[in-house]
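Visitor: The listed protein sequences derive, respectively, from chains A and B. Here the UniProt record's numbering is used: position 200 in the first sequence is 200, and no number is missing along the way. Here the UniProt record's numbering is used: position 99 in the second sequence is 99, and no number is missing along the way. I have a structure here, written as structure tokens, and I will follow up with some questions on it.
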Amino acid sequence: MSAVTPLQNGDTVLLPERIADLTGLGEFGVAGELLAAFLGAFVIANLMMAMTGVAGPWAKRKITAAFTDRIAVNHLGPAGIFIIVADAVRLLSKENIIPENADRPAYDLAPIVIAGSALLGFAVIPMGSGIHLADPEVGLVFVFAVAGIASIGLVMAGYASGNKYSMLGGLRAVAQNVAYEIPLVVTGMSVVLFAGSLQMGTIVEAQAQPLVDLGVVSIPSWYALVNPFAFVLFLIANFAEVGRNPFDMPEAPAELIAGYQTEYSSVYFVLVYLGEFLHIFLGGAIIATIFLGGPAGPGPAELGIVWFLLKIWAVFLLTQWLRSAIPRVRIDQLIEIGWKGLLVLSFANLALTAAIVGVIA
Amino acid sequence: MSSQTGLETGASSSATESSTAAESVLEAYALGRDDHLNAPAFVIRPDEVTAALADLRDEAGFDHCACVTAQQYEDRYETIYHLRSYADPTQEVSVVVPTPIDDPVSRSVTPVFETANWHEREAYDLVGIEYEGHPDLRRILLPETWQGHPLSLEYDRETPQIVTLSEHDSPTVAGEDGSEPETLFLNVGPHHPATHGVMHVKVVLDGETVVDADPDIGYMHRCEEQMCQQSTYRHQIMPYPDRWDWVSSGLLNEWAYARVAEDLADLEVPEYAQVIRTMGAELSRMAAHFVALGTYALDVHGEFTATFQYAFRDRELVLDCLEELTGQRMMFNYLRLGGVAWDLPEPREEFLEGVRDLLEDLPAKIDEYHDLVVTNEIFQARCVDTGVLEADVAKQYGCTGPVARGSGVDYDLRRDDPYGYYDRLEWDVVTESAGDNYARLLVRMGELEESAKIVEQCLDVLEEWPEGDREIQSNVPRTLKPDPDAELYRAVEGAKGELGIYVRADGTETPARFKIRSPSFSNLSVLPEIVRGEYLPDLIAAIGSLDCIMGEVDR
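Structural data, given as structure tokens:
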């Protein structure tokens with residue numbers, strides 16, 4: 001393995017500009033730039049949705065099966081990969097059943113809010129290989145803010161379904177998100193103290209500096225290595241934020257059937273599920289960006305997107321691993337862990353980091 | 001010595017003991033005697049039954065109301081309370097309460113034994129006896145709108161009945177005094193992932209705290225008692241028990257019937273067959289406990305848990321052995337009155353080796369379950385001190401099996417009322433004292449290991465059994481017609497606890513009354529008691545840890 005290649009992020013060319021240059025849309029002024037931006041967003045959204053398409057019907061089944069001594073889908077295509085097509089057809093052709101006492105249009109909007117909020121977050125994530133839609137100065141705050149919108153979607157879904165299980169699931173989701181969003185953001189801020197910026201591009205760039213130089217191999221200063229404590233905190237808070245074991249209380253099928261998703265079918269169900277997966281991937285993307293050096297990895301910079309996706313999938317794999325192995329906590333224990341444990345630890349982490357950074361700087 | 005003689009001596013000696021103890025207590029009440037084969041039976045007036053049972057419990061130590069049987073004769077109704085003692089279940093006494101045919105009203109003994117609550121509801125539902133002073137006398141197995149009592153003699157079996165489901169008001173709609181209620185009424189089931197079958201629990205929630213829970217059973221009611229009453233003792237009844245506790249406890253259930261029928265018709269069972277029965281029964285218990293463990297993990301971990309799959313994988317290995325032995329995976333129909341259907345499969349060594357392999361791999365697997373489940377901190381946080389069942393409450397509700405043993409009630413019929421080959425093998429009864437969801441799981445984990453011990457010893461015995469002496473079934477008459485009016489209650493230790501059967505013979509080939517005392521029925525009745533004040537997830541965990549199989553509850 002060669003040394004980690006620093007990413008050329010200082011003079012970042014964002015995706016819309018690149019598209020504008022390639023297609024000549026730049027000559028059409030603001031309208032052209034808008035169109036280019038739209039095309040860029042379209043590419044990224046589809047990339048993420050395609051990934052969800054692979055993850056939901058196929059990869060998740062295969063991974064869980066591997067953990068639990070099973071084979072899972074294997075009839076359609078090599079390793080059952082064409083189940084993705086079959087499942088897509090199946091899910092989209094099902095009747096969309098809307099409960100009689102559903103509160104519309106909240107019921108209809110909720111799936112869009114859940115899926116949309118996650119997609120928005122990817123706008124500021126630098127994925128390497130030049131795939132980076134926007135790099136605002138408040139990137140990290142933006143991504144937390146839009147990811148947080150999902151909570152509204154969850155409570156809308158829970159309330160508007162007119163089902164008690166959905167209601168309980170929605171309430172749990174909100175209680176959980178409120179309890180874990182704060183530690184999540186506070187821990188995220190400790191990274192900002194290191195990087196000195198909220199801009200995603202800068203955070204990634206800062207991690208390219210070598211932490212230790214061991215001659216042949218230079219270990220980069222990924223913040224997971226610089227501050228493993230914050231990394232673990234962030235991981236845990238993230239599992240709660242995306243509602244996965246041991247914190248999958250909002251769905252908890254053995255208790256609440258499927259929580260806020262209970263009454264969704266067909267396309268709406270696909271959207272809700274898509275939203276869930278996108279949130280897991282967005283969580284993975286944030287972790288990769290602020291703790292794992294973003295798209296950095298061995299080899300030429302063009303491979304950035306590969307490394308980036310690998311990191312996201314590593315986080316996804318971890319969630320599936322926990323699902324197979326770890327029991328879920330109870331809702332009161334979950335809130336306790338959030339408010340009494342993670343919140344305190346995350347502030348301690350922030351204070352410590354501030355002290356250390358202050359001393360060194 | 002055959003085990004049959006062992007049974008007889010045991011029964012008769014204890015019968016005299018319990019009869020003297022009970023006699024002195026019941027002197028003031030008893031109108032007469034109506035002795036059953038297993039126990040002395042005293043006839044008591046309906047208005048005195050509550051006091052009589054209270055005296056029996058407090059003064060003579062009959063603290064376990066094992067079963068309540070109701071039946072109708074041509075001239076009267078009869079309720080039988082089968083009492084025994086948790087300390088020594090061979091101490092048995094039956095209390096017979098006749099009620100007139102035109103006015104079948106008796107007194108409820110629910111104030112004395114909580115377990116009578118559900119049993120009397122069932123008696124009312126199926127036979128039609130009413131119980132004065134019962135706190136909640138409504139149908140339990142059949143729908144509320146059902147007409148007639150199916151096990152009564154005048155029941156019209158020809159007219160089909162259609163039951164419509166009507167929406168009922170949710171208690172949240174309006175408070176009694178018009179104020180806004182602060183609780184949420186939640187139907188858990190009948191279709192719910194955690195009810196392990198079809199059960200409906202009416203739950204009242206305050207936030208996520210359970211204020212009250214009321215299990216509504218009967219969705220799996222298949223008239224098993226009625227079907228057995230229409231079938232001949234010799235061959236036709238044996239397949240039914242497999243379908244009571246259907247998660248691979250088949251041989252244990254079959255043994256319950258075999259034991260009662262053999263004692264009723266005075267049949268010998270060759271010792272060799274007893275060894276095979278004991279081995280098969282313990283394999284069944286292992287399979288059943290694997291299911292209990294796996295589904296419990298499903299309730300506490302979530303639906304993608306590896307433990308569930310591991311448990312089913314290991315159960316499958318046990319089922320493979322049972323399939324070799326019986327020819328069936330689950331509905332074995334392997335036991336015969338007076339023995340078993342056939343000898344071990346040939347080649348014999350291969351079968352014995354196969355079972356030994358299973359036992360050899362077991363310790364490593366148990367270790368893995370300990371890693372995944374038992375020693376997991378989150379699992380402990382979820383299960384320790386939740387769903388606590390105190391020992392005296394367990395006794396009040398007639399809990400048996402791992403549920404009772406998890407609460408420190410040291411009661412196991414294999415040891416306390418020996419049958420089969422158990423009394424000649426080395427094994428221990430597993431008990432835990434905490435009584436919480438965690439303790440019940442620990443008991444089952446411990447019993448897995450104990451069952452493996454028993455199976456291993458059986459294998460040794462089978463291996464060394466002389467070839468010329470492998471008698472698998474004694475000589476049993478082609479048709480069995482037990483003496484008219486012979487009555488017998490006999491129980492075995494099923495996977496879930498005391499699985500008892502009461503049979504009354506009327507001189508024909510079929511039983512006049514066939515009453516099943518299922519352990520899950522009594523164990524489930526304690527659910528409201530252990531979940532009040534707990535959180536909703538604890539309710540789910542408690543349902544899982546009680547390990548009720550609805551086929552056995554509803555019969």
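C-beta: ideal position from N, C-alpha, C; glycine also. Bear in mind the structure is a predicted one, so any value in this text is a computation, not a measurement.
Flag A115 (chain A) as yes when its Cβ comes closer than 6 Å to any non-hydrogen atom of the ligand COA, and as no otherwise.
Guide: Here there are no bound small molecules, and the ligand COA is not part of this structure.
Visitor: In chain B, which residues lie with their C-beta within 7 Å of the C-beta of T64 (chain A)?
Guide: F304
Visitor: For the stretch 310-325 of chain A, which residues have a beta carbon sitting closer than 9 Å to at least one beta carbon of chain E?
Guide: Absent here is chain E; the protein component of the structure consists of chains A and B.
Visitor: So what does V210 (chain B) bridge to, in DSSP terms?
Guide: B:L205
Visitor: Exposed or buried, which one is S407 (chain B) when buried takes at least 16 other CB atoms within 10 Å?
Guide: buried
Visitor: Taking the alpha-carbon positions, what's the F42 (chain B) to E493 (chain B) distance?
Guide: If I take the Cα positions, the gap works out to 26 Å.
Visitor: Kindly say whether P136 (chain A), judged by its beta-carbon, lies nearer than 7 Å to any beta-carbon of chain B.
Guide: Cβ-Cβ to chain B under 7 Å: no for P136 (chain A).
Visitor: Hey, does D299 (chain B) have any beta-carbon neighbour from chain A nearer than 7 Å?
Guide: yes
Visitor: Check whether chain A comes within 7 Å of P193 (chain B), counting only Cβ atoms and requiring the distance to be less than that.
Guide: Contact of P193 (chain B) with chain A is assigned, a C-beta pair being separated by under 7 Å.
Visitor: Taking just the CA atoms, how far does D547 (chain B) sit from L527 (chain B)?
Guide: 11 Å
Visitor: Identify, in the order they occur along the chain, each residue of the same chain with its Cβ nearer than 7 Å to the Cβ of S12 (chain B), setting aside the five sequence neighbours on each side.
Guide: Bear in mind that the predicted position of S12 (chain B) carries a pLDDT of just 45, short of 50, making it unreliable; the figure below should be weighed with that in mind. There are no such residues.
Visitor: On the premise that L252 (chain B) lies in contact with S284 (chain B), defined as a C-beta separation below 8 Å, what is that separation, rounded to the nearest angstrom?
Guide: 5 Å
Visitor: Can you pull out the residues from the stretch 97-116 of chain A whose beta carbon lies closer than 7 Å to at least one beta carbon of chain B?
Guide: Under the 7 Å Cβ criterion, the stretch 97-116 of chain A contributes no residue.
Visitor: Counting contacts by CB-CB distance shorter than 7 Å, is G6 (chain B) in contact with chain A?
Guide: With a pLDDT of 38 at G6 (chain B), under the threshold of 50, the predicted position of this residue should be treated as unreliable, though the coordinate-derived value follows. Closer than 7 Å: no.
Visitor: Could you tell me if G197 (chain B) is buried or exposed, where buried requires 16 or more neighbouring beta carbons within 10 angstroms of its beta carbon?
Guide: Buried, since its Cβ has 16 or more Cβ neighbours within 10 Å.
Visitor: For R172 (chain A), count neighbouring Cβ atoms within 10 angstroms of its own Cβ and tell me buried if that reaches 16, exposed if not.
Guide: buried
Visitor: Could one say the Cβ of V329 (chain A) lies closer than 7 Å to chain B's Cβ atoms, at least one of them?
Guide: True, the Cβ-Cβ gap to chain B drops below 7 Å.
Visitor: For a cutoff of 7 Å on Cβ pairs, would you count K164 (chain A) as touching chain B?
Guide: Proximity of K164 (chain A) to chain B, defined by a Cβ-Cβ separation below 7 Å, is satisfied.
Visitor: Thinking just about the alpha-carbon of each residue, which of A:G32, A:A106, A:L225 is nearest to the one in H290 (chain A)?
Guide: It should be noted that the sequence gives Ile, not His, for residue 290 (chain A). Looking at the Cα atoms, A:L225 is the closest of the given residues.
Visitor: Residues of chain B with a CB under 8 Å from the CB of D332 (chain A): which are they?
Guide: E208, Y535
Visitor: Which same chain residues end up closer than 7 Å to P267 (chain A) when comparing Cβ atoms and leaving out the 5 residues on each side of it in sequence?
Guide: The identity of residue 267 (chain A) in the sequence shown is Val, whereas the question assumes Pro. L92, N96.
Visitor: Return no unless some Cβ of chain A is closer than 7 Å to the Cβ of R315 (chain B).
Guide: no
Visitor: Starting from the beta carbon of I540 (chain B), find every residue of chain A whose beta carbon is closer than 9 Å, and list them in chain order.
Guide: In chain order: A252, A254, E255.
Visitor: Would you mind reading off the limits of the beta strand (DSSP E) that contains L488 (chain B)?
Guide: 487-493
Visitor: Can you tell me where the alpha helix (DSSP H) with G253 (chain B) in it begins and where it stops?
Guide: Reading off the sequence shown, one finds Asn at residue 253 (chain B), where the question assumed Gly. Run containing N253 (chain B): 250-265, per the alpha helix (DSSP H) assignment.
Visitor: Per DSSP, what kind of secondary structure is T115 (chain B) in: helix, strand or coil?
Guide: coil
Visitor: Using a Cβ-Cβ distance under 7 Å, would D248 (chain A) count as near chain B?
Guide: yes
Visitor: Report yes if the CB atom of V138 (chain A) is closer than 7 Å to the CB atom of G121 (chain A), and no otherwise.
Guide: No. Outside cutoff.
Visitor: Measuring only between beta-carbons, confirm whether Q309 (chain B) sits less than 7 Å from chain A.
Guide: yes
Visitor: Please list, in chain order, all residues of the same chain as E432 (chain B) whose beta carbon is under 6 Å from its beta carbon, the five residues on each side excluded.
Guide: G406, A439, L442, V443
Visitor: Roughly how many angstroms separate the alpha carbons of N130 (chain B) and L142 (chain B), rounded to a whole number?
Guide: The amino acid at residue 130 (chain B) is misidentified as Asn; the sequence shows Glu. Rounded to the nearest angstrom, the two C-alpha atoms are 16 Å apart.
Visitor: When we look at the beta-carbon of Q147 (chain B) and count the other beta-carbons within 10 Å, is it buried (16 or more) or exposed?
Guide: It counts as exposed.
Visitor: Quick one: list the residues of chain A neighbouring F379 (chain B), beta-carbon separation under 8 Å, in chain order.
Guide: From the beta-carbon of F379 (chain B), the residues of chain A found nearer than 8 Å are P327.
Visitor: Cutting at 6 Å between CB atoms, please list the residues of its own chain near E471 (chain B), excluding the five before and the five after it.
Guide: The answer, listed in chain order, is P270, Y272.
Visitor: Which residue wins for smallest C-alpha separation from D242 (chain B), given the options B:S231, B:W255, B:Y233?
Guide: B:W255
Visitor: Does DSSP put I219 (chain A) in a helix, a strand or coil?
Guide: strand
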